[in-house]
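Below: one structure, written as structure tokens.
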């Protein structure tokens, strides 16, 4: 038992108490408790007292019945042995007019406040709850003693501890949001679980919340339903609050339907007269890169997966464990999904290494539960696909080619031939939608599938699929989706599909759809949305690039496609000569996927199209100069966003603005995270796009897992890593781990049939992929840009690889690439970045004796394998 657990048991069993004031001053925090309810109102780090993890600025606006705060508690209970009886739920947040009883304090025990909540839980069947706020080693501790005062045993099937942070953007300027707001994310790792609170700015200090009492394991993560209120709870500007779930048996039975929970649900029987303590500890963390070391120092087991927690069939991953006690067993569910083998020559203590491989035929989520000799448990969450990464890329190409290829020549909206959005639930095209862009081949939700199909050809060109894309371009895009003549030539429409029942008598609109907000023809025909131009330009560029990868695969001159891409970008960023107004809206913002325009510039120069390249470069540079002078250059059309970082970083790097580059990376560290969970590792913060591009039957404001932000944010993270002066440091490897988690995330969206979902639903009653393809395409763009193999000499783990299998010997370390592209390699200790145009890298090895990197390369078409040796003195053989 840890020291803090022993102290908690003493505190929980004695009648210790609070200070008279609702304010407190600790070594790490200054804070304030609400006067009547005793919940947390403010929590300010002493190292940055102007910042507040709490919501003191708007607390009074959301302190009514049903508003959850840190310090509240909700229980679900029933009499023990009454398994068929429904659970009774009680919550301290339900009725704020009930004022709990403040108990005497004992300053000798460092309690801040102690409150008897029995009056609040009068309907709990005899469960009395005492809440204690305490100072422990300068950290804030929140404790609950739950006592059974009845004469029968009570089963506690649900225990929910709300955690509230300042993630409220409503009515606040984007600059305020960036500097003063935070996100909270879970790692429901049971006894090793914790929540991390990251500031949007990426600056420290940040915060971790860890179990403090034995049994306060992190079993589940609950979104807390509240009324909308004037702060717009559960909206674009206020995601809402979550709770740490200790026991989930009751929720699993009554609230979560058929969904498979992240962890095995538990309950606890409290005997008559028994008192059970639960508690959480709040600890400051200097920076996000210190989160894991802080958690380890607090006594929790720590796991690090390399390259992450997504395992494909040809991959041999690694798991490193750091625990104060030895593992006694590793259990995998479903059985056989993964195989763990302890590595005999594990790195130095305290780490233990295991190799991790996919079981034959495995697909989907895998729960790994590690039992330790001290009785604690540690949950890891993996995604497993027995197919190699390259096969997954081919699968999505086949699905789009065969199931999403729309050829109805009678379509009155001129959408044939094309790659239409798809609904896996109905196993059919999305022909009509009140969100017209989804059925109209534009915006991210409608362009997503053709973007994924195009980018697939850059990774793995297929002549038949390229024929389809060329038909799509020449028969549908050029002339219909994009203007091919006149003053608005190269303008891209917002949607080919629209709602006009009087004008479209030859089309039967579905009367079950609510058409009130659907675009009419005039709105759909508008060409002023800059985001749409990225996807059309990438379509053209991808076809040009596919011919570079596999010469002769196109039926037309590849230069035409390159010129079309350049002209599309030029129009998007340009101005109307007559009015001197921008051609498009939002062209001054960072647009998702536009970092590929850097490749476009390189290719224009490669083809001696210098004038076109210089013109686009000038437009891009003026935008970057605007960003460099902005207080928040990462905005989008929404009040806040995490998608502008990709473009802001890329062009700031391109134009040598180091300060803005560093700022972009810093904010990504606020939006993204790394934890032992396939869904949250490398996951960017997104929570509204199910409303924009998902299945309307399940659309809601909801934390999305592996929406396109994950892979697009990986673009700057991995580029920044490769530019690090010390790429083998733990701080730099943190960016590599987070970025690589994001780049591999795109593979999880692909199901066994090759269908690519836009994102995964994180609500515990869902935990499933959305049935719409939606805006998956941008995710695939980021995946292509970041697919590579990395060889790193880790300061604790030794030689490791991201995107490759490592074989070590006394004289060399060899890597067999397993990434989906196999045309890029980064060797960290050399600072060497190798990029091939078309050939495949079969293996590469660092020879310590020869001080050389040796690469075996095989052309994509027929040809003999070549071996290239790069000497550390710069010579190439």
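In the numbering used here, the protein residues as written are 17 to 893. By construction, the Cβ of each residue, glycine as well, lies at the ideal position given by its N, Cα and C atoms.
Exposed or buried, what is residue i when buried is set at 16 or more other beta-carbons lying within 10 Å of its beta-carbon?
{"i": "residue 420", "result": "buried"}
{"i": "residue 674", "result": "exposed"}
{"i": "residue 902", "result": "Absent from the model: residue 902. The displayed extent of the chain is 17 to 893, so no value can be given."}
{"i": "residue 218", "result": "buried"}
{"i": "residue 867", "result": "exposed"}
{"i": "residue 287", "result": "exposed"}
{"i": "residue 654", "result": "exposed"}
{"i": "residue 561", "result": "buried"}
With DSSP as the reference, label residue i as helix, strand or coil.
{"i": "residue 910", "result": "Residue 910 is absent from the model: the chain starts at 17 and stops at 893."}
{"i": "residue 840", "result": "strand"}
{"i": "residue 633", "result": "helix"}
{"i": "residue 10", "result": "In this structure the chain extends from 17 to 893, so residue 10 is not present and cannot be described."}
{"i": "residue 202", "result": "strand"}
{"i": "residue 479", "result": "helix"}
{"i": "residue 173", "result": "strand"}
{"i": "residue 741", "result": "coil"}
{"i": "residue 656", "result": "coil"}
{"i": "residue 731", "result": "helix"}
{"i": "residue 749", "result": "helix"}
{"i": "residue 945", "result": "No answer is possible for residue 945: it lies beyond the span of the chain, which begins at 17 and ends at 893."}
{"i": "residue 23", "result": "The predicted position of residue 23 is uncertain, since its pLDDT is 34 and thus under 50; no value can be drawn from it."}
{"i": "residue 257", "result": "coil"}
{"i": "residue 503", "result": "coil"}
{"i": "residue 539", "result": "helix"}
{"i": "residue 422", "result": "strand"}
{"i": "residue 149", "result": "strand"}
{"i": "residue 774", "result": "coil"}
{"i": "residue 679", "result": "helix"}
{"i": "residue 434", "result": "strand"}
{"i": "residue 817", "result": "strand"}
{"i": "residue 520", "result": "coil"}
{"i": "residue 569", "result": "coil"}
{"i": "residue 45", "result": "strand"}
{"i": "residue 525", "result": "coil"}
In terms of residue numbering, what span does the alpha helix (DSSP H) encompassing residue i cover?
{"i": "residue 620", "result": "613-622"}
{"i": "residue 548", "result": "546-565"}
{"i": "residue 113", "result": "Segment: none, residue 113 is in no alpha helix (DSSP H) and carries neither H nor E."}
{"i": "residue 576", "result": "574-589"}
{"i": "residue 664", "result": "660-670"}
{"i": "residue 192", "result": "190-196"}
{"i": "residue 794", "result": "792-802"}
{"i": "residue 415", "result": "405-419"}
{"i": "residue 156", "result": "Residue 156 -> not in any alpha helix (DSSP H); beta strand (DSSP E) instead, spanning 155-164."}
{"i": "residue 706", "result": "705-709"}
{"i": "residue 858", "result": "Element bounds for residue 858: not the alpha helix (DSSP H) but the beta strand (DSSP E), 856-863."}
{"i": "residue 452", "result": "452-455"}
{"i": "residue 270", "result": "265-270"}
Which residue marks the beginning of the beta strand (DSSP E) containing residue i, and which one marks its end?
{"i": "residue 851", "result": "848-851"}
{"i": "residue 475", "result": "Element bounds for residue 475: not the beta strand (DSSP E) but the alpha helix (DSSP H), 459-475."}
{"i": "residue 608", "result": "It is not in any beta strand (DSSP E) - residue 608 carries neither H nor E in the DSSP assignment."}
{"i": "residue 651", "result": "No beta strand (DSSP E) holds residue 651; DSSP gives it neither H nor E."}
{"i": "residue 871", "result": "868-874"}
{"i": "residue 238", "result": "236-239"}
{"i": "residue 389", "result": "Where residue 389 is concerned, there is no enclosing beta strand (DSSP E), given that its DSSP letter is neither H nor E."}
{"i": "residue 231", "result": "Residue 231 -> no beta strand (DSSP E), and no H or E assigned at all."}
{"i": "residue 810", "result": "805-810"}
Discussion item. With a threshold of 8 Å, are at least 3 pairs of Cβ atoms found where one atom belongs to the region 498-516 and the other to the region 475-484?
Written reply: Flag = no, the region 498-516 and the region 475-484 do not touch.
Worksheet entry | At least 3 beta-carbon pairs within less than 8 Å: the region 147-156 vs the region 63-73 | Per the Cβ contact rule, the region 147-156 is not in contact with the region 63-73 (fewer than 3 Cβ pairs under 8 Å).
Practice prompt. Could I get the ranges of all uninterrupted alpha helix (DSSP H) runs contained in the region 272-347, with 4 residues as the minimum, in chain order?
Written response: With a minimum length of 4 residues, the continuous alpha helix (DSSP H) runs that stay inside the region 272-347 are 307-313.
Worksheet item: Pairing CB atoms from the region 311-324 with CB atoms from the region 262-278, are three or more of them under 8 Å?
Response: These segments do not touch.
Fill in: Segment contact flag, the region 335-352 with the region 371-384, C-beta cutoff 8 Å, min 3 pairs
The region 335-352 is in contact with the region 371-384.
Worksheet entry | Segment contact flag, the region 680-697 with the region 230-246, C-beta cutoff 8 Å, min 3 pairs | Short answer: they don't touch.
Worksheet item: Given 8 Å as the limit, is there contact between the region 466-474 and the region 547-558, that is, 3 or more CB pairs closer than that?
Response: Contact between the region 466-474 and the region 547-558 is present, because at least three Cβ pairs lie under 8 Å.
Item to complete: Say whether the region 405-419 touches the region 356-366, bearing in mind that this needs 3 or more beta-carbon pairs closer than 8 Å, one atom from each stretch.
Response: Flag = no, the region 405-419 and the region 356-366 do not touch.
Worksheet item: Taking contact to mean at least 3 C-beta pairs separated by less than 8 Å, is the region 247-255 in contact with the region 51-60?
Response: Contact between the region 247-255 and the region 51-60 is absent, because fewer than three Cβ pairs lie under 8 Å.
Fill in: Cβ contact check for the region 272-289 and the region 234-246: 3 or more pairs under 8 Å
Counting Cβ pairs under 8 Å, three or more are found: they touch.
Discussion item. Taking contact to mean 3 or more Cβ pairs, one atom from each stretch, closer than 8 Å, check whether the region 768-776 and the region 730-739 are in contact.
Written reply: No contact exists between the region 768-776 and the region 730-739.
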